[in-house]
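What follows is one structure encoded as structure tokens, with my remarks underneath.
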Amino acid sequence: MILLFLTSGLFLGWSLGANDASNIFGSAVGSRMISFRKAAIIASVFVIIGAVLQGSGASVTLGKLGAVNAIGGSFTVALAAGVTVYLMTKFSLPVSTTQAIVGAIVGWNIFTGNQTNIKTLTEIISTWISGPLLGALFAVILYIILKALKKHSSIHLIRFESYVRTGLVIVGAFGAYSLGANNIANVMGVFVPAFNLNDLDLGIITLSSSQQLFLLGGIAIAAGILTYSNRVMEVVGNQIMELSSDAALVVVLAQAFVLFIFSSSAFSSFIERTGLPPFPMVPVSSTQVIIGSIIGIGLYKGARNINFRIVGDIAKGWVLTPVASGLTAFFSLFFVKNIFNINVGTAIAEKGSPILRSTASSTSARGISEIMSFLITGLLAVGIIIVVLYYFAERKRKNELRKSEEKFWRNLK
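Add 360 to a position in the sequence shown, counting from 1, and you land on the number used in the numbering used here.
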């Protein structure tokens with residue numbers, strides 16, 4: 361029963377993958393530098409790695425906004441956010457999963473009578489402004505540097521385009537890693553307080569309770585990337601502004617930098633040691649950052665190429681998303697609590713009060729850990745098999761293409 365509650369988080373992860381993969385490879389796919397299939401596979405692998413290895417920082421901050429203290433509440437909050445993101449995606453609007461989950465958590469706080477942590481909320485909302493601005497700033501700086509290198513180097517244009525294509529793959533992998541590290545909090549953060557699983561030893565790595573949740577969330581994001589992200593990639597890649605190949609490289613790299621600095625505790629500590637204020641560990645809207653990066657380059661070029669109608673439609677989505685998600689969460693919580701009689705959480709009256717788990721016990725926790733062990737091991741095995749099969753299929757396709765080209769040239773002779 362408890363595992364059933366995770367389905368809403370997995371659905372939210374799928375929605376995030378379907379929508380936010382456009383922020384990683386939309387520019388590259390839109391500029392026809394990388395095929396959608398290759399982009400989807402690279403993004404899927406690295407988003408999982410980022411989620412597992414570096415997903416805890418932003419999750420802690422999101423938990424401070426509202427510690428959802430019952431599994432039924434976690435399920436409903438994630439479902440409300442997932443439905444909101446899915447509907448926005450259905451209309452081809454690149455929306456913010458961060459805003460959706462924040463709105464849903466605030467809705468839970470209101471429903472259960474818990475106070476919303478204003479300091480944490482302010483930190484998160486501030487990134488809705490600073491994220492796009494930083495994205496635009498990084499994009500302009502990187503674009504100027506790349507343009508200067510292109511101008512003063514003696515590299516042939518065709519070879520330069522080849523380097524850019526390779527760079528898009530590398531930068532896209534970094535962007536996917538940063539997305540997983542930063543945005544997995546939006547997918548599984550609300551479940552972390554309500555789940556207490558035994559550590560899972562996979563031989564080469566031991567996964568904690570939260571890392572097991574992040575792994576499942578990362579796999580759900582990957583599923584969304586592979587099955588439904590192509591449509592939104594076209595919106596980000598082409599409809600906001602036509603991007604050249606080098607501009608696409610810059611946009612993805614700028615977005616990756618911004619997400620990384622808001623999810624890396626090591627970078628934050630380094631900044632603090634220099635005497636500067638550290639960056640908060642908060643989930644950042646990758647959608648806002650990538651669009652800020654694109655607009656930054658557009659403004660640098662003179663703003664003639666920007667489709668401001670599309671930008672306006674996206675801005676409406678940014679306003680509507682947290683409001684719609686909060687209202688959906690509030691009424692869904694009422695429905696789940698009063699119709700199905702499921703505990704969705706209570707007001708936290710005392711500091712240090714125990715976390716409520718609607719059906720959890722030490723015995724059931726052990727049982728769930730065993731099921732999770734089989735589930736995760738099986739999913740990893742299937743993933744490895746798929747990657748191996750894809751490698752051999754690509755190798756076969758390239759060999760057939762090479763033979764076809766050789767036959768063509770022989771016939772010409």
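For each residue, glycine too, the CB sits at the ideal point set by N, CA and C. Source: prediction; values computed, not measured.
Which stretch, first to last residue, makes up the alpha helix (DSSP H) that contains Arg519? Translated into positions along the sequence shown, residue 519 becomes position 159. Here the alpha helix (DSSP H) through Arg519 covers 517-548.
Buried or exposed: Thr719, going by 16 or more other Cβ atoms within 10 Å of its Cβ? Looking up residue 719 in the sequence shown gives position 359. With a pLDDT of 41 at Thr719, under the threshold of 50, the modelled position of that residue is not reliable, and the figure given next carries that caveat. Per the 10 Å Cβ criterion, exposed.
Please determine if the region 361-370 and the region 546-559 are in contact, where contact requires at least 3 C-beta pairs separated by less than 8 Å. yes
Ser713 versus Gly672: straight-line alpha-carbon distance, rounded: The residue you call residue 713 lines up with position 353 of the sequence shown. The residue you call residue 672 lines up with position 312 of the sequence shown. With a pLDDT of only 41 at Ser713, under the threshold of 50, the placement of this residue in the model should not be trusted; the figure read from the coordinates follows. The alpha-carbon atoms of Ser713 and Gly672 are separated by roughly 45 Å.
Please report the straight-line C-alpha distance between Pro682 and Ser692, rounded to a whole angstrom. Looking up residue 682 in the sequence shown gives position 322. Looking up residue 692 in the sequence shown gives position 332. C-alpha separation (whole angstroms): 15 Å.
Opening and closing residue of the alpha helix (DSSP H) in which Pro553 lies: As a position in the sequence shown, residue 553 is number 193, starting the count at 1. Unbroken run through Pro553: none, as it is neither H nor E.
In the DSSP assignment, the alpha helix (DSSP H) including Thr487 goes from what residue to what residue? Reading the sequence shown from its first residue, position 127 is the one you call residue 487. 478-512 is the extent of the alpha helix (DSSP H) around Thr487.
Whole-angstrom distance between Gly491 and Asn477, CA atom to CA atom: Counting from 1 along the sequence shown, the entry for residue 477 is found at position 117. Counting from 1 along the sequence shown, the entry for residue 491 is found at position 131. Between Asn477 and Gly491, the C-alpha separation is close to 21 Å.
Taking Ser623 and Ser538 to be in contact with their CB atoms under 8 Å, please state how far apart those CB atoms are, rounded to whole angstroms. Residue numbering aside, residue 623 sits at position 263 when the sequence shown is read from its first letter. Residue numbering aside, residue 538 sits at position 178 when the sequence shown is read from its first letter. Confirmed, Cβ separation roughly 7 Å.
Helix or strand or just coil, what does DSSP make of Leu566? The count along the sequence shown starts at 1 and reaches residue 566 at position 206. Residue identity differs from the one stated: residue 566 is Thr in this sequence, not Leu. In this structure, Thr566 counts as strand in the three-state DSSP scheme.
In chain order, what residues of the same chain lie with their CB nearer than 6 Å to the CB of Ala400, ignoring the 5 residues before and after it? Numbered from 1 along the sequence shown, position 40 holds the residue referred to as residue 400. Same-chain partners within the cutoff: Ile585, Leu586.
Nearest-angstrom Cα distance between Gly377 and Gly442? Taking the sequence shown and counting its residues from 1, one reaches residue 377 at position 17. Taking the sequence shown and counting its residues from 1, one reaches residue 442 at position 82. Rounded to the nearest angstrom, the two C-alpha atoms are 11 Å apart.
Compute the minimum distance between the beta carbon of Val531 and the heavy atoms of the ligand FAD, and state whether it is under 7 Å. Looking at this structure, you won't find the ligand FAD or any other ligand, since it has none at all.
Sequence-distant residues of its chain with Cβ nearer than 6 Å to Ala545 (five each side left out): For the purposes of this step, residue 545 is taken as the residue at position 185 of the sequence shown. These residues qualify, in order along the chain: Ala418, Ser419, Leu422, Pro643.
Output needed for Pro640: all residues of its chain with C-beta closer than 6 Å, excluding positions within five of it in sequence on either side, in chain order. Mapped onto the sequence shown, residue 640 falls at position 280. Excluding positions up to five away in sequence, the list reads Glu483.
Simplified DSSP assignment, three categories, for Leu560: Numbered from its first residue, the sequence shown carries residue 560 at position 200. It is a strand residue.
Is the beta carbon of Ile564 closer than 8 Å to that of Ala607? Taking the first residue of the sequence shown as position 1, residue 607 is located at position 247. Taking the first residue of the sequence shown as position 1, residue 564 is located at position 204. Not a contact, by the Cβ cut-off of 8 Å.
From which residue to which residue does the alpha helix (DSSP H) around Ala707 run? Stepping through the sequence shown from its first residue, residue 707 is reached at position 347. That residue, Ala707, is in no alpha helix (DSSP H); it is neither H nor E in DSSP.
Can the beta-carbon of Lys560 be found closer than 8 Å to that of Leu567? Against the sequence shown, residue 560 aligns to sequence position 200. Against the sequence shown, residue 567 aligns to sequence position 207. Residue identity check: residue 560 is Leu in the sequence provided, not Lys. Cβ distance < 8 Å, so Leu560 and Leu567 count as in contact.
Backbone secondary structure at Ala381 - three-state DSSP: To locate residue 381, count along the sequence shown from 1; it is residue 21. Ala381: coil per DSSP, three-state reduction.
Beta-carbon contacts of Gln459 that lie in its chain and below 6 Å, excluding the five residues immediately before and after: Within the sequence shown, residue 459 is the residue found at index 99, counting from 1. Answer for Gln459: Thr681, Pro682, listed in chain order.
Over what stretch of residues does the alpha helix (DSSP H) that includes Asn469 continue unbroken? For the purposes of this step, residue 469 is identified with residue 109 of the sequence shown, where counting begins at 1. Element bounds for Asn469: 457-472.
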